[in-house]
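Sequential numbering from 3 applies to the sequence shown in this note's numbering. What follows is a short report on a single structure.
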Amino acid sequence: MKTQHTLAILLLVVSLALAGCGDEGGQADQVFSLRTGLADGRLAFIGVGGAIDGVVNPDLAVKAGERVRIELHNGDGVTHDLALPDLGRHTPLVMGKESVTALTFTASASGVYTYLCSVSGHRQAGMEGRLLVTP
Ligand SMILES: [Cu+2]
Numbered sequence: 003m004k005t006q007h008t009l010a011i012l013l014l015v016v017s018l019a020l021a022g023c024g025d026e027g028g029q030a031d032q033v034f035s036l037r038t039g040l041a042d043g044r045l046a047f048i049g050v051g052g053a054i055d056g057v058v059n060p061d062l063a064v065k066a067g068e069r070v071r072i073e074l075h076n077g078d079g080v081t082h083d084l085a086l087p088d089l090g091r092h093t094p095l096v097m098g099k100e101s102v103t104a105l106t107f108t109a110s111a112s113g114v115y116t117y118l119c120s121v122s123g124h125r126q127a128g129m130e131g132r133l134l135v136t137p
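Here's what the structure looks like:
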C-alpha cells in the first residue's frame, strides 16, 4: 500500500511537471488561484489573492479572447478537480493537501459558464461558481 501511495505521488509530480511544460507556450492574460476548503460547513473553491481573495466560489471575470489560467490548490486533502463542462475543459484531479494543478485555455466566446468540481457529490456540496466572459 505504501508503494502504491508513493507511486501515486510520483505520477502526480510527473503530471504536474508535464502540465507546467505545456503551459509555457502561452502567457496567460488572467491568472486566478483557487483553494479548496470548507466555507460555512460546505465544500468550496476559495479565491486566493487579488480581487477574489477570500471569496467563496468567486465569479471569475475575463474578456473574450483572453488566455486564462486557473490554478487549483488543494487545501483540504480531499481529491478535487475544476471542470468547465460548457467548454469541455477540466484540470487533472488534485490529490493530497497542498498539491496544485492548473488549467489554461482561451475564453473565445462571451457568456456565463459554470465551473465546478466533478468529483461525485462535490458540486452538490457547494463546489460551483461562474466564469464570466464579456465581449
Ligand atoms: Cu471536489
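From the three backbone atoms N, C-alpha and C, an ideal C-beta is built for every residue, glycine too. On a predicted model such as this, the values are computed, not experimentally measured, just so you know.
Within a Cβ cutoff of 6 Å, which residues of the same chain sit near D25, ignoring the five residues on either side of it in sequence?
The predicted position of D25 is uncertain, since its pLDDT is 42 and thus under 50; a value taken from the coordinates is nonetheless stated next. Here the set comprises T106.
For Q32, which residues does DSSP report across the bridge?
V70
Would the beta-carbon of V121 be found less than 7 Å away from any heavy atom of ligand 1?
yes
Going by beta carbon distance, what residues of the same chain come within less than 8 Å of A138, once the five residues before and after it are set aside?
The question about residue 138 has no answer here: the residues shown for the chain are numbered 3 through 137.
Which residue spans inside the region 61 to 134 form an unbroken beta strand (DSSP E) run of at least 3?
62 to 65, 69 to 75, 102 to 108, 113 to 118
Boundaries (first-last residue) of the beta strand (DSSP E) holding I2:
What the structure shows of the chain is the stretch from 3 to 137, and residue 2 is not part of that stretch, so it cannot be assessed.
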